[in-house]
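This report concerns only the one structure given below.
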Amino acid sequence: MSDLASNLRYRRANHFVFFRGIDLMATFITTMKFTQQGLKGVSETTHRAAALKAAAKKMGVKVTGIYWTLGDHDGVLIYDAADDETATAMLLYLGSQGNIHTSTVRAFNAAEMDTILKRTHPE
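Heads up, the sequence shown is in this note's numbering, so the first residue is 1193 and it goes up one at a time.
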């Protein structure tokens, strides 16, 4: 178990806390597809992305990447949030604009995955 994980005294599933000055945030990845409305106003997409980033920051969400893509999805949004509720609030705000449909997954870094894997072998 990592030093951080072994020293962490309080952690509920999907809820992260500040511990010894370290901000523990969950990472989320959202794929996006333009709606008809979004396609009609596609020339404003970069301005909408900047507005989303600013609004997300006010909600406590740190947007680490916004990318426009080719293929099955029109874009990808990568961000960190303290918990599922905070991420969901930001996504509801985003969806309420009517420009995109979204699909979201929770992402785990290597250290988080190692902690998860250790739970698969209870001793």
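A virtual CB, placed ideally from N, CA and C, is assigned to each residue, including glycine. Here the structure is a predicted model, which means the values were calculated and not measured.
Whole-angstrom Cβ separation of P1268 and Y1259, contact assumed at under 8 Å?
The residue asked about is misnamed: residue 1268 is Val in this sequence, not Pro. That pair is a contact at about 5 Å.
G1257, enclosing beta strand (DSSP E) - first and last residue:
It spans 1254-1260 - the beta strand (DSSP E) in which G1257 sits, taken as one unbroken run.
Backbone secondary structure at M1224 - three-state DSSP:
strand
Let me confirm a value: D1266 is counted as buried when at least 16 other C-beta atoms fall within 10 Å, else exposed. Which label applies?
buried
Any alpha helix (DSSP H) of 4 or more consecutive residues that is wholly inside the stretch 1263-1304
1276-1288
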